[in-house]
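Engineer: Below are the structure tokens for one structure; questions will follow.
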Amino acid sequence: MNLALFDLDNTLLDGDSDFEWSQFLISIGVLDRELFEAKNLHFYEQYKAGTLDIHEFLDFQLKPLSRHSRHVLDGWHQQFMRDKIMPMITPQARTLVAKHRDAGDVCVIITATNSFVTAPIAQEFGIEYLIATEPEQKEGEFTGGVAGVPSFREGKITRLEQWLAESGWTWASFDRSTFYSDSLNDLPLLAKVQTPVAVKPDATLRTYAEQAGWPVLEW
């Protein structure tokens, strides 16, 4: 039995769902463009540079969820999936996932983006397991806070190992573990698996992958 781990943004998706969710809310008038767009861009640049303060970002990203009912948010997300996410799903990404799924591998999307944004995307890929940053909820509504450890940098390892334990597995349960990612932020988990694969990597990850002899995928 093998374990196949997939980062989501800029790996399976040709773009960043976290960034695009805020841009989508701006485009439909839910968030004020003048107040939010520059800050959204600022956080995205910090993420790409590897300098993001995840808790500061999550305060920015999750607070809007607390201002609207889950019913309203779900309706917006359906439009978001149709207008923004579906065009970001490439045939190559679908083929990669299908290869692992057809081989009987345990497939997991592991992402820093929150589970409200990403759960429908995982379903679209036919991936049963999702490890994402969890927005705090009370009585089915979002509070604007985060529950538990964010699934970011070393936190991805923490959350993955928690999930393995809850599932009755350990790293040793798998003959091979593979992780696909584009980002320098995922170097901790890439270094943990048996087969790290850089997908359309940023400059830092590309240099690291080339020096380490890791496979690099381009599409």
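Be aware that the sequence shown starts at 3, since it is given in our numbering, and climbs by one per residue.
Heads up, the beta-carbon is just placed ideally off N, CA and C, and yes, glycines get one too.
1. Drop a sphere of 10 angstroms on the beta-carbon of LEU33, count the other beta-carbons inside from all chains shown, and report buried for 16 or more, exposed for fewer.
2. Just to check my reading of the structure: SER19 and ILE111 have Cβ atoms closer than 8 angstroms, yes? What is that Cβ distance to the nearest angstrom?
3. If I follow the unbroken alpha helix (DSSP H) through ASN42, where does it start and stop?
4. Only counting the same chain, and skipping five residues up and downstream in sequence, which positions put a Cβ closer than 8 angstroms to that of THR258?
5. Enumerate in chain order the residues of its own chain whose CB-to-CB distance from ALA211 is below 7 angstroms, with the five nearest sequence positions on each side excluded.
6. Judging by CA-CA distance, which residue of LEU27, GLY52 and MET90 is the nearest neighbour of GLN63?
7. Determine the DSSP secondary structure at THR172, reduced to helix, strand or coil.
8. Tell me, which residues are paired with GLU143 by DSSP?
9. Just the C-alpha distance for GLN213 and ALA205, rounded to the nearest angstrom, thanks.
10. Kindly provide the ranges of any alpha helix (DSSP H) runs that are 4 or more residues long and lie completely inside the region 189 to 221, ordered along the chain.
11. Measuring CA to CA, which of ALA167, SER183, ILE123 and VAL148 is closest to PRO89?
12. Compare the Cα-Cα distances from ASP11 to each of LEU166, TYR49 and ALA40 and report the closest residue.
13. Under a Cβ-count criterion, where at least 16 other Cβ atoms within 10 Å of its own Cβ denotes burial, should TRP23 be classed as buried or exposed?
14. Can you tell me whether LEU7 is helix, strand or coil according to DSSP?
15. Pop quiz: GLN184 and ASP9 are said to be a contact at Cβ under 8 angstroms. What is the actual Cβ separation, rounded to whole angstroms?
16. Since PHE181 is in the beta strand (DSSP E), which residue starts that stretch and which ends it?
17. Threshold first: 4 residues or longer. Then list the alpha helix (DSSP H) segments lying entirely within the region 89 to 170, N to C.
18. Between SER153 and HIS70, what straight-line distance do the alpha-carbon atoms span, to the nearest angstrom?
19. Among TRP221, GLN25, LEU189 and LYS41, whose alpha-carbon lies nearest the alpha-carbon of THR209?
20. Give the single residue among ALA40, ALA51, PHE82 and GLN81 whose Cα lies nearest to the Cα of LEU186.
21. Short check: CB of LEU67 to CB of LEU75, under 9 angstroms?
22. What residue does the alpha helix (DSSP H) around SER29 start on, and which one ends it?
23. Go to ASP61, then tell me how far its alpha helix (DSSP H) extends in each direction, as first and last residue.
Structural biologist: Let's see:
1. Mapped onto the sequence shown, residue 33 falls at position 31. Buried is the call here.
2. Taking the first residue of the sequence shown as position 1, residue 19 is located at position 17. Taking the first residue of the sequence shown as position 1, residue 111 is located at position 109. Not quite, the Cβ-Cβ distance comes to about 11 angstroms (not below 8 angstroms), so this is no contact.
3. Locating residue 42 in the sequence shown gives position 40, where the first residue counts as 1. It spans 35 to 51 - the alpha helix (DSSP H) in which ASN42 sits, taken as one unbroken run.
4. Beyond the ends of the chain as shown, which are 3 and 221, falls residue 258; an answer cannot be given.
5. What you label residue 211 is simply residue 209 of the sequence shown in a count that begins at 1. So the qualifying residues of the chain are ALA200, PRO203 and VAL218.
6. One-based indexing of the sequence shown puts residue 63 at position 61. Of LEU27, GLY52 and MET90, the residue nearest in Cα terms is LEU27.
7. On the sequence shown, position 170 is the one that residue 172 refers to. Correct three-state label for THR172: coil.
8. Locating residue 143 in the sequence shown gives position 141, where the first residue counts as 1. GLU143 is bridged to LYS140.
9. Locating residue 213 in the sequence shown gives position 211, counting from the first residue. Locating residue 205 in the sequence shown gives position 203, counting from the first residue. About 12 angstroms.
10. 189 to 192 and 205 to 214
11. On the sequence shown, position 87 is the one that residue 89 refers to. When each option's Cα is compared against that of PRO89, the closest is ILE123.
12. Translated into positions along the sequence shown, residue 11 becomes position 9. With distances taken between Cα atoms, ASP11 lies closest to TYR49.
13. Position 21 of the sequence shown holds residue 23. Counting Cβ neighbours within 10 Å, TRP23 comes out buried, since at least 16 surround it.
14. Residue mapping note: residue 7 aligns to position 5 of the sequence shown, counting from 1. Correct three-state label for LEU7: strand.
15. As a working note, residue 184 is residue 182 in the sequence shown. As a working note, residue 9 is residue 7 in the sequence shown. Going by the sequence as given, residue 184 is Asp instead of Gln. Indeed, because the Cβ distance is near 6 angstroms, the residues count as touching under 8 angstroms.
16. Stepping through the sequence shown from its first residue, residue 181 is reached at position 179. Segment 178 to 183, the beta strand (DSSP E) holding PHE181.
17. 93 to 104, 117 to 127 and 156 to 168
18. As a working note, residue 153 is residue 151 in the sequence shown. As a working note, residue 70 is residue 68 in the sequence shown. Those two C-alpha atoms are separated by around 24 angstroms.
19. What you label residue 209 is simply residue 207 of the sequence shown in a count that begins at 1. Answer by Cα proximity: LEU189.
20. One-based indexing of the sequence shown puts residue 186 at position 184. Nearest of ALA40, ALA51, PHE82 and GLN81 to LEU186, Cα basis: ALA51.
21. For the purposes of this step, residue 67 is taken as residue 65 along the sequence shown, with counting starting at 1. For the purposes of this step, residue 75 is taken as residue 73 along the sequence shown, with counting starting at 1. In contact: LEU67 and LEU75 (Cβ atoms closer than 9 angstroms).
22. Here residue 29 refers to the residue found at position 27 when the sequence shown is read from its first residue. From DSSP, the alpha helix (DSSP H) with SER29 extends over 19 to 29.
23. Indexing the sequence shown from 1 puts residue 61 at position 59. Looking at the DSSP string, the run of the alpha helix (DSSP H) that includes ASP61 is 56 to 64.
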